[in-house]
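Chains as they are written, first to last, in the numbering used here: chain A, 23 to 483; chain B, 23 to 483.
Glycine included, each C-beta is placed from N, C-alpha and C at the ideal position.
On a predicted model such as this, the values are computed, not experimentally measured, just so you know.
All remarks here apply to the structure that follows.
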């Protein structure tokens, strides 16, 4: 109760404080709602769905936002990508294919939970250059991680989720921070980064990006699953009998049945189209929707299943649409840009190394306010890069650091990336846990990348 | 399989036929997709969700519609009203309040299923003038009808849904055709009608509308539940022991508990705000969302319930958003207007009585193509009224007939009104059944209103 009052009071106080700088009253009011919503989730005053519903009602009833804008998040293309990928993942599990892949992985790497985590991260990293959307990639990874959790006996219930599921899911979204940073073509925003950097005279190539990212990413890939293993440990660590059990399960399952084949074909078709989406103009959400339709049409995923188990997909879709809308409206109203300019303006007189460090840290920390990696990229990348150059930071170094940060800050909050959303919707991870474990992952990534500064400077120049 | 091929072939044939009149190729292609989608549902080739998903993928992949437009239905205000009303209805059931109201009704009127149907229709008609949105009103009626079905032993399963549920649900949406036509303030579109009619010199008042509508509406109210009782009969007709059982159940339930009181208060608050929405500028969807948030915040409706039973709400939300978008895009591209002008142009030389009859019938029949009552109103009301006046039909007569038709054609297809959607999403009604029973209701309503022509002519002049 105290927490709830605190959240409401915080919102009211910010609301009535006069806006600073040249922020409009509308943007300031929106910030009051958004900030208290994020706070509510952070301190666990309200569940994320409820906080979002109240936020939506508040911005409309106070006249802060027009209804049309307030509902705009629900028709965002990637919201429908998340929704369809979420449902396709359920079909992959239902068909039995998820189970088979999980069993194959467990038979090979299942001696302990840590190995499985590395296995997820390596798979993600290897397929990443071909899948230019981290949301789509999370749609590929999630059913595998979900099947791994289920088949090591972890279900999304309060008493069972922590045995292996929570840990593996957290490793899944952590893995996306690295795989997206490593390859220029692993996240849609990276291509925008390249274009903006170009305007500042920094020419990024596929090979140059990979080379600069390789050292910190490989270190991250080695350290992070282990760091989570210590800090956010699975309840079940050693599974010596799992490999044996998986082997006999696979023998019981026999060869792949018709449903599994169909699912495999549809899934490979989706992966191919998602891969092509960078080259040809295919909307990634439509790929997801078509894949889902194919799985329903072939009877792999029956409508009864959707009715019985679509509730969590709906929940995720609602809260994320609302939070995304709040953040992007805040951005559109110039709030984010003003904050960026003000903060970076304070750093102009520092030595370039101090400016470089502070700008990087601030760029990462400010992502607490964003519900989309690309939105922050568009709002702040150029501002931060410009200030850094004025302060004497080598342009290529700063451009690469901000580019990498745009990827690895994706677990700083549950809503920090569209790639997280399906994993959190699974019921294995609580928002509060993501704030804590994701915060730690972000700090580790930040340190690794900052320590790699000489390498990046050397490679990029 | 033959049905599926037929649907796809129909779509392809229309697609490649050159468009008639001045319809653009884009509008024609959209019509090809829309028509085959409606056909697929009508002949039961695909379930409505699957047909909609394929339609969505088709219009985007063929480049007929831009992605942004194709997804626009998902953020329509009333889509979120339907979604929230659907979830609030589940909360009303879950709280036990739905059960209590149902038991009170059964104890009083439960001797047979027909009486319960009349009871639903009368309740709806009495509250209608105060609820200026038939979608919102369906959100009020639905939990009561749902509880009545459940408490007479009918569940949304293939073997149990037809005992009472299907019939009562069908009576629920049929009742909305009458209650909306009777009162000027019972449907949002009616107020638009009044404005358009004004431009043609027809002054409609609350009292005048009520008087003109009263005779045909009262006849409809008497005939329709009985007609459905014959044509779309409940499996369970006589329930002589139900009143006794309800009485003892009520005694067992004891006085209202805390959850029921909270639900009642929230629900009354929502009804009040929905009622005020006509006077003050309150968005009806936000009322639904706030109500849902209150029920979640007070623990009446727990998030676990949403996760476990939100799947059918999601299903309904998806297909209706897509069909609505297709229909409204078809409208925006001028397709509907062209059809209206062409059809009505053919009637210009007829005697006014023939023109009047044909225009009314066509106006109703053309609603097969619309997924919103208001959209058809905006597209065709003025065109049809103008043609009628040119052909010598008394302006007030035609204006009232079209105004009433805009309400009573709402059950001609499952997607013909936002008011139907929750009822169909319940699982008690199959789309094919609504096409058949709803078609019959529409024909009966059409006949009743046409027979009432002298009355309307007398009252309106």
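Since I believe residue j is in contact with residue i (beta carbons under 8 Å), could you give me their beta-carbon distance rounded to a whole number of angstroms?
i: residue 161 of chain A; j: residue 81 of chain A; result: At roughly 30 Å, the Cβ-Cβ gap does not stay under 8 Å, so residue 161 of chain A and residue 81 of chain A are not in contact.
i: residue 440 of chain B; j: residue 104 of chain B; result: 6 Å
i: residue 450 of chain B; j: residue 178 of chain B; result: 5 Å
i: residue 444 of chain B; j: residue 107 of chain B; result: 6 Å
i: residue 231 of chain A; j: residue 265 of chain A; result: That pair is no contact at about 38 Å.
i: residue 98 of chain A; j: residue 343 of chain A; result: 7 Å
i: residue 102 of chain A; j: residue 93 of chain B; result: 6 Å
i: residue 247 of chain A; j: residue 413 of chain A; result: Rounded, the Cβ-Cβ distance is 36 Å, inconsistent with contact.
By how many angstroms is the C-alpha of residue j removed from the C-alpha of residue i?
i: residue 52 of chain B; j: residue 348 of chain B; result: 7 Å
i: residue 466 of chain A; j: residue 460 of chain A; result: 10 Å
i: residue 396 of chain A; j: residue 438 of chain A; result: 10 Å
i: residue 66 of chain A; j: residue 392 of chain B; result: 45 Å
i: residue 188 of chain A; j: residue 421 of chain A; result: 34 Å
i: residue 194 of chain A; j: residue 54 of chain B; result: 43 Å
i: residue 211 of chain B; j: residue 84 of chain A; result: 26 Å
i: residue 95 of chain A; j: residue 360 of chain A; result: 23 Å
i: residue 446 of chain A; j: residue 253 of chain A; result: 18 Å
i: residue 32 of chain A; j: residue 90 of chain A; result: 27 Å
i: residue 17 of chain A; j: residue 158 of chain A; result: The question about residue 17 of chain A has no answer here: the residues shown for chain A are numbered 23 through 483.
i: residue 271 of chain B; j: residue 129 of chain B; result: 10 Å
i: residue 571 of chain A; j: residue 353 of chain A; result: Residue 571 of chain A is absent from the model: chain A starts at 23 and stops at 483.
i: residue 308 of chain B; j: residue 79 of chain A; result: 6 Å
i: residue 133 of chain A; j: residue 58 of chain B; result: 54 Å
i: residue 77 of chain A; j: residue 257 of chain B; result: 46 Å
i: residue 416 of chain A; j: residue 330 of chain A; result: 56 Å
i: residue 23 of chain A; j: residue 320 of chain B; result: 12 Å
i: residue 114 of chain A; j: residue 280 of chain A; result: 13 Å
i: residue 282 of chain B; j: residue 112 of chain B; result: 13 Å
i: residue 399 of chain A; j: residue 322 of chain B; result: 41 Å
i: residue 175 of chain B; j: residue 181 of chain B; result: 11 Å
i: residue 61 of chain A; j: residue 61 of chain B; result: 50 Å
i: residue 249 of chain B; j: residue 365 of chain B; result: 32 Å
i: residue 472 of chain A; j: residue 241 of chain A; result: 12 Å
i: residue 155 of chain A; j: residue 292 of chain A; result: 12 Å
i: residue 49 of chain A; j: residue 36 of chain A; result: 12 Å
i: residue 71 of chain A; j: residue 127 of chain B; result: 35 Å
i: residue 363 of chain B; j: residue 424 of chain B; result: 16 Å
What residues of chain A sit near residue i, judged by a beta carbon separation below 9 Å?
i: residue 110 of chain B; result: Those do not exist, as residue 110 of chain B stays about 12 Å from chain A at its closest Cβ, beyond 9 Å.
i: residue 445 of chain B; result: What residue 445 of chain B touches in chain A: nothing, since even the nearest Cβ is about 15 Å away.
i: residue 83 of chain B; result: 304, 305, 308 and 312
Name the chain B residues whose beta carbon is nearer than 8 Å to that of residue i?
i: residue 329 of chain A; result: 333, 334, 337 and 449
Taking Cβ-Cβ distances shorter than 7 Å, what residues in chain A pair up with residue i?
i: residue 93 of chain B; result: 97, 99 and 102
Could you check where the alpha helix (DSSP H) with residue i kicks off and where it finishes?
i: residue 155 of chain B; result: Premise fails: residue 155 of chain B is in no alpha helix (DSSP H) and is neither H nor E.
i: residue 137 of chain B; result: 135 to 149
i: residue 242 of chain B; result: 228 to 253
i: residue 16 of chain A; result: This structure does not reach residue 16 of chain A, given that chain A is present from 23 up to 483, and the question cannot be answered.
i: residue 205 of chain A; result: That residue, residue 205 of chain A, is in no alpha helix (DSSP H); it is neither H nor E in DSSP.
i: residue 275 of chain B; result: 264 to 275
i: residue 34 of chain A; result: 24 to 38
i: residue 116 of chain A; result: 99 to 117
i: residue 219 of chain B; result: 210 to 221
i: residue 295 of chain A; result: 280 to 298
Run through chain A and tell me which residues come within less than 8 Å of residue i, C-beta to C-beta.
i: residue 71 of chain B; result: 318, 325 and 328
i: residue 79 of chain B; result: 308, 311, 312 and 315
i: residue 89 of chain B; result: 99, 305, 307 and 308
Show which residues of chain B have a CB atom less than 7 Å away from the CB atom of residue i.
i: residue 76 of chain A; result: 315
- Message: Just to confirm the assignment: which complete alpha helix (DSSP H) runs, minimum length 4, are found wholly within the region 335 to 393 of chain A?
- Response: Entirely contained in the region 335 to 393 of chain A, the alpha helix (DSSP H) runs reaching 4 residues are, in chain order, 357 to 367 and 374 to 387.
- Task: Any chance you could list the alpha helix (DSSP H) runs of at least 4 consecutive residues sitting entirely within the region 399 to 447 of chain A, in chain order?
- Result: Within the region 399 to 447 of chain A, the runs of alpha helix (DSSP H) that reach at least 4 residues and sit entirely inside it are, in chain order, 404 to 412, 417 to 430 and 440 to 447.
- alpha helix (DSSP H) runs contained entirely in the region 40 to 93 of chain B, provided each spans 4 or more residues: The qualifying runs are 47 to 64, 70 to 83 and 89 to 92.
- Task: Give, in chain order, every unbroken run of the beta strand (DSSP E) that is at least 3 residues long and sits entirely within the region 310 to 335 of chain A.
- Result: Taking only runs of at least 3 residues, no beta strand (DSSP E) segment lies wholly in the region 310 to 335 of chain A.
- Item | 4 or more residues per run - each alpha helix (DSSP H) lying fully within the region 156 to 194 of chain B | Listed in chain order, they are 156 to 173.
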